[in-house]
């Protein structure tokens, strides 16, 4: 079920809310949790019930692994605790590897060894990357004795809680369980509902009004256009840059909002990433919970920056290559991760040499680096990436808006063309440029959702602020009536 | 509790205000819907005057501009009504309208536009405009969920147009689209126009996001097929005419075309014709990739007659049995 669907907004969310709190009110808190787990599994199964056993199996397996790791068990007679943890992690990786990476490996084996092994063509189970990482972190936390909750029902709620089940934020066991246990969280909190509706409406607006608008131009530019002129190529890459941000941060806002209605505070996942002035800063602002996972469970265990300069750089590279692979089974993702790892290494070197840049120049370089590397992230094939990038940096095919003809007619002799349809290959029009400029202003200068939420906390009792939320919800729902239902981009990862 | 209540009240007030605006201008005729209304009235009147079995062409504008009904009539010896009007009205509404002219024993030929097969049938601007302005009865009879979707799909501009409409006299229909260009059977006859033809310079192959038929298409078509069966109307599905592009030979497009045929085969419905035989080069069109010029019409009609020849005599002689 999509957050941006009528079924979720008008049926699933209200029904889940009322029944959950009704059960709590009747002191049936355990039944309330069972209900929330069941409704979350229903939410998950809405797409494809075939994968329900998979998540159930994964959940049961990890629960018992974590419990054994934390409390100790008979396994310790045969295997060390550390090896038991490694077994648990490898089992999770095997599961995700089978479903997500089998065809990638087969494809590469076929290419290198010139064999003809059939691809498995498995459909990627929804949310597998998220619930697998979340449970790996649970195993590690159990190994470190950082989990203090061994009830299966609570564990099931931690894994399946529907606001964060599909695409995060990736949460820690220790930050969720106390919230589910808190008595006051079992009662309706009107302030939280108000804040939740506010942040949910912002997320919905970001998704259906902004991200889905950019999606049209990005998809046309990457997937269908055979040639792109200079403006079209930049419009394509920028459209995807904005689509991805508004789509994923919109999803996160909706997840945070829906969870807040149930009195659960999810960690923030975005903090104006496109305001970043260096690549390290970017990764502190973009998909924060994934960065946290990679830092705590990959980079630091590899040695972090404690084992000399060379190991630090190689650890950075390894961490980001894993980050790339996590997003998808393809060389373009690996390359994207490598580029980011390399950029972080260069930045580290740059800082150690004591160089600095003017903030605006640092921002410009960072934003463009991120924008260009998203091209690899988005491209389905290398050829799609090279098509867009070549056009972005080539002056062979420049078509400018015909309104500029009088001012720039002298460019004619350099082969520059003028046309009213200067963005036709990406199904664009004059609004394409306007949207890109406005989005740029918003992501660089406007307050982000977290800041707006903080501001709203002081204003939520004002009538006008309620009217604003009501309008945002109404307008987004109105837009949903005409735009094609589209999944969130991170559902694919 | 008060802020939550205020949010919900304001949300419902906005919704109610919007619904009120839509209802306030319901039935107000608009200029944009005028030609469609006139063309449908013309065709429905013509169909009502036929008291024998007939053949009805059902589709978007590919048939409106792309069929010589008189040639078909001469070939088959049965009256032919070209009931096609505008694909922007969307398939469910086009099928609904066809039910008004189809009678027991009739034959419906449906060369449906390709995007009908993959559409999710969120209300289009043409459809919302036409229904609100010209078909209040249809709107009133929609199921509540469909009505809700339609009301919320109306654009701000359309609301303003609808409110202003009673204060403006509608202009007579001019141009390519309209009753003024119809022949007696409902075919739109359009002379060559250089400016219109120049629009074809920028057209490209259709983008097909998926080669799978949409669930919504299956839903509406299944309903229609059941209705036709119940009312003893013979359905013949065919490929529409469409402008040829090399891209249509790519595996993605081929799979899409095969999936269309597969759907009809699985339903044991007649699907006749090779889609590539109905793809003509640019010179056979006059302003869009679906609108043929007179040379194109002749070519397409001959192809259609040729393809239907093996089955048409049997269907006509045996009476209609879906």
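Chains as they are written, first to last, in the working numbering: chain A, 1 to 493; chain B, 1 to 322.
The beta carbon of each residue, even a glycine, is placed where N, CA and C say it ideally should be.
Item, Value
"Report the start-end ranges of each beta strand (DSSP E) in the stretch 42 to 89 of chain A that is 3 residues or longer and not cut off at the edges.", "none"
"Any beta carbon from chain A within less than 8 angstroms of residue 322 of chain B's own beta carbon?", "Only weak support exists for where residue 322 of chain B lies, its pLDDT of 42 falling under 50; the coordinates are left without a value."
"If we call anything under 8 angstroms between Cβ atoms a contact, is residue 126 of chain A one with residue 51 of chain A?", "yes"
"Out of B:162, B:292, B:317 and B:94, point me to the one whose CA is closest to residue 176 of chain B's CA.", "B:292"
"At least one CB of chain B closer than 8 angstroms to the CB of residue 123 of chain A: is that the case?", "no"
"By alpha-carbon positions, which one of B:104, B:218, B:304 and B:26 ends up nearest to residue 240 of chain B?", "B:304"
"Contact defined as beta carbons within less than 8 angstroms: I believe residue 289 of chain B pairs with residue 249 of chain B. What is the distance between those atoms, to the nearest angstrom?", "The pair is not a contact, with the Cβ atoms about 16 angstroms apart (cut-off 8 angstroms)."
"I believe residue 397 of chain A touches residue 229 of chain A by the beta-carbon criterion, under 8 angstroms. Please report the beta-carbon distance rounded to the nearest angstrom.", "4 angstroms"
"Out of A:275, A:438, A:13 and A:482, state which residue places its alpha-carbon closest to the alpha-carbon of residue 193 of chain A.", "A:13"
"Please report the straight-line C-alpha distance between residue 105 of chain B and residue 54 of chain B, rounded to a whole angstrom.", "8 angstroms"
"Could you name the residues of the same chain whose beta carbon sits closer than 8 angstroms to that of residue 30 of chain A, not counting the 5 residues immediately before and after it, in chain order?", "153"
"Given a threshold of 16 other Cβ atoms within 10 Å of its Cβ, counted over all protein chains shown, does residue 230 of chain B qualify as buried or as exposed?", "exposed"
"DSSP puts residue 81 of chain B in a beta bridge; with which residues?", "B:56"
"Quick one: measure Cβ to Cβ for residue 343 of chain A and residue 279 of chain A, integer angstroms, because I've assumed they're closer than 8 angstroms.", "4 angstroms"
"Quick one: list the residues of chain A neighbouring residue 1 of chain B, beta-carbon separation under 7 angstroms, in chain order.", "190"
"I think residue 235 of chain B touches residue 110 of chain B, with their Cβ atoms under 8 angstroms apart; what is that distance to the nearest whole Å?", "6 angstroms"
"Give me, in chain order, the residues of the same chain whose beta-carbon lies closer than 8 angstroms to that of residue 47 of chain A; leave out the 5 immediate sequence neighbours on both sides.", "1 and 126"
"Would you say residue 243 of chain A lies against chain B (beta-carbon separation less than 8 angstroms)?", "no"
"In chain A, which residues lie with their C-beta within 9 angstroms of the C-beta of residue 123 of chain B?", "481 and 482"
"Is DSSP giving residue 161 of chain A helix, strand or coil here?", "coil"
"Looking at the structure shown, is residue 108 of chain B part of a helix, part of a strand, or coil, going by DSSP?", "strand"
"Leaving out the 5 sequence neighbours to the left and right, which residues in its chain are closer than 8 angstroms to residue 275 of chain A when beta-carbon positions are compared?", "285, 363, 443 and 444"
"Let me see if you follow: with CB-CB separation under 8 angstroms, is residue 342 of chain A close to chain B or not?", "no"
"DSSP on residue 399 of chain A, reduced to helix/strand/coil?", "strand"
"Say whether chain A places a C-beta atom closer than 8 angstroms to the C-beta of residue 131 of chain B.", "no"
"Helix, strand or coil, according to DSSP, for residue 365 of chain A in the structure here?", "helix"
"Indicate whether residue 192 of chain B and residue 256 of chain B have their beta-carbon atoms separated by less than 8 angstroms.", "no"
"Name, in chain order, the residues that DSSP records as bridge partners for residue 292 of chain B.", "B:285"
"Under DSSP, the beta strand (DSSP E) around residue 235 of chain B begins and ends at which residues?", "234 to 237"
"Mapping DSSP to helix, strand and coil, what is residue 270 of chain B?", "strand"
"Excluding five sequence neighbours on each side, which residues of the same chain lie with their C-beta closer than 7 angstroms to the C-beta of residue 41 of chain A?", "52 and 160"
"Leaving out five residues on either side along the sequence, give the residues of the same chain with a beta carbon under 7 angstroms from the beta carbon of residue 151 of chain A.", "none"
"Look at the alpha carbon of residue 58 of chain A and the alpha carbon of residue 135 of chain A, and state the distance between them as a whole number of angstroms.", "9 angstroms"
"Taking residue 149 of chain B as the query, report the chain A residues whose CB atoms sit under 8 angstroms from its CB, ordered along the chain.", "481"
"Is the Cβ of residue 442 of chain A closer than 8 angstroms to any Cβ of chain B?", "no"
"So, does the CB of residue 275 of chain A fall closer than 8 angstroms to a CB anywhere in chain B?", "no"
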